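Input: a single structure, listed below in C-alpha cells.
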Amino acid sequence: AQTVTQSQPEMSVQEAETVTLSCTYDTSESDYYLFWYKQPPSRQMILVIRQEAYKQQNATENRFSVNFQKAAKSFSLKISDSQLGDAAMYFCAYRDINAGNNRKLIWGLGTSLAVNP
Amino acid sequence: GAVVSQHPSWVICKSGTSVKIECRSLDFQATTMFWYRQFPKQSLMLMATSNEGSKATYEQGVEKDKFLINHASLTLSTLTVTSAHPEDSSFYICSARGLAGKIDTQYFGPGTRLTVL
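Chains A and B, in that order, give the protein sequences. The number in my numbering is simply the position in the first sequence, starting from 1, with 3 added. The number in my numbering is simply the position in the second sequence, starting from 1, with 152 added.
Take a look at the structure:
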C-alpha cells in the first residue's frame, strides 16, 4: 500500500527567508500525482502545487516550488521569500493515476509551519 | 474557479439528533465527492467516497448507517450524521473532484465544525 511520510511535525522560518518541507512516499506505481496542500488557521484546505510523476521538470507556482526526486521517492516543497500568511499546516499527498473512479488521496501527517516576523 | 461550498460552517446539536451537512461544487461538476473527518492537529481521515447516482463507498471502520451520504446531483453531496453523540464531535470536510488542466484534483470545502452536547 502507498504511504506518505512527513518527517518534520513542526518547522519555523523567518519572514522573507526560504524554508523547505520534506515529504517521502512509497509506491510501486510508475505513474502518479503528488500534491502539497496548505491548511491555514481557517482550516480551509488550499492546493499549493501539484506534480505529475512522469514529468521530470519540477513544478513551480510563484514562490512555491518542489524538488521531485522520483528515484528517491522524495517530494519536498520550497517556500521562498516566506510571508506571514504562509503560516499554516502543510500536507503532502499522493494519488495513483489509475486507481479507478475513486482515486483517493493518501495523506502525510502534516508539517506545521510558523513564520516569525 | 473550482470553488466548493459547505453548509453549515458550524453546528451544535443535542445528543441523539441528526445533522445534515451539504457540500456543493459551485462552478464545476463533480462526479466524485469525498468526505473527511479531521481531529485537532491531525491529518485528514477519509470517511467515504461518493459518486453521483450510486451508493457511497465507505472506508473501513466507518459506520454507513450512522454517516449517511447522498450524492444526488453532479454538484451536491450531503452527509447526515444520524443519532449524533459527543464522540461524533469533529471537523468534517468535503472535497469534490474536478479537472485542473489535465490533472483531476480535489478541491475542498471550508469544513463544518460539529459539536454534539
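Beta carbons: idealized from backbone N, C-alpha and C, even for Gly. Owing to the predicted nature of the structure, the values given are computational and were not obtained by experimental measurement.
Cross-strand partners of H159 of chain B (DSSP beta bridge): In the DSSP secondary-structure assignment, H159 of chain B is bridged to B:E174.
In terms of alpha-carbon separation, which member of A:Q60, A:S25, A:S68 lies closest to S10 of chain A? A:S25
Give the interface partners of W123 of chain A over in chain B, defined as CB-CB distance under 7 angstroms, in chain order. The question about residue 123 of chain A has no answer here: the residues shown for chain A are numbered 4 through 120.
Please say whether V7 of chain A and I109 of chain A have beta carbons closer to each other than 7 angstroms? yes
Tell me the residue span of the beta strand (DSSP E) that contains L231 of chain B. Note, L231 of chain B: beta strand (DSSP E), 228-233.
How about I221 of chain B and A200 of chain B: do their beta carbons lie closer than 7 angstroms? yes
To the nearest angstrom, report how far apart T169 of chain B and H159 of chain B are at their CA atoms. 17 angstroms
What residues match up with L220 of chain B in a beta bridge as DSSP calls it? B:T232
When you compare the CB positions of A117 of chain A and A90 of chain A, do they come within less than 7 angstroms of one another, or not? Against a cut-off of 7 angstroms, the Cβ pair of A90 of chain A and A117 of chain A comes out as a contact.
Shortest alpha-carbon distance to A74 of chain A belongs to which of A:V51, A:T63, A:P12, A:S31? A:S31
For W187 of chain B, I'd like the list of residues in its chain whose CB is within less than 6 angstroms of its CB, leaving aside the five on either flank, ordered along the chain. M199, A200, L231, C246
Integer-rounded CB distance, given that A96 of chain A should sit under 8 angstroms from Y40 of chain A: 6 angstroms
Determine which residues of the stretch 18-51 of chain A have a Cβ less than 9 angstroms from any Cβ of chain B, and write them out in chain order. Y36, F38, Y40, Q42, S45, R46, Q47, M48, I49, L50
What are the boundary residues of the beta strand (DSSP E) that I52 of chain A is part of? 49-55
Can you find a CB in chain B that lies within less than 7 angstroms of the CB of G88 of chain A? no
Just checking: is the beta-carbon of A263 of chain B within a distance shorter than 7 angstroms of some beta-carbon in chain A? Reading off the sequence, residue 263 of chain B comes out as Gly, not Ala. Judged by the 7 angstroms Cβ criterion, G263 of chain B is in contact with chain A.
In angstroms with no decimal places, state the Cα-to-Cα distance between T183 of chain B and G250 of chain B. If I take the Cα positions, the gap works out to 8 angstroms.
Are the Cβ atoms of Q72 of chain A and A62 of chain A separated by less than 7 angstroms? Cβ atoms of Q72 of chain A and A62 of chain A: not closer than 7 angstroms.
S202 of chain B and M185 of chain B: beta carbons closer than 7 angstroms? Against a cut-off of 7 angstroms, the Cβ pair of M185 of chain B and S202 of chain B comes out as a contact.
According to DSSP, which residues form a beta bridge with D99 of chain A? A:Y35
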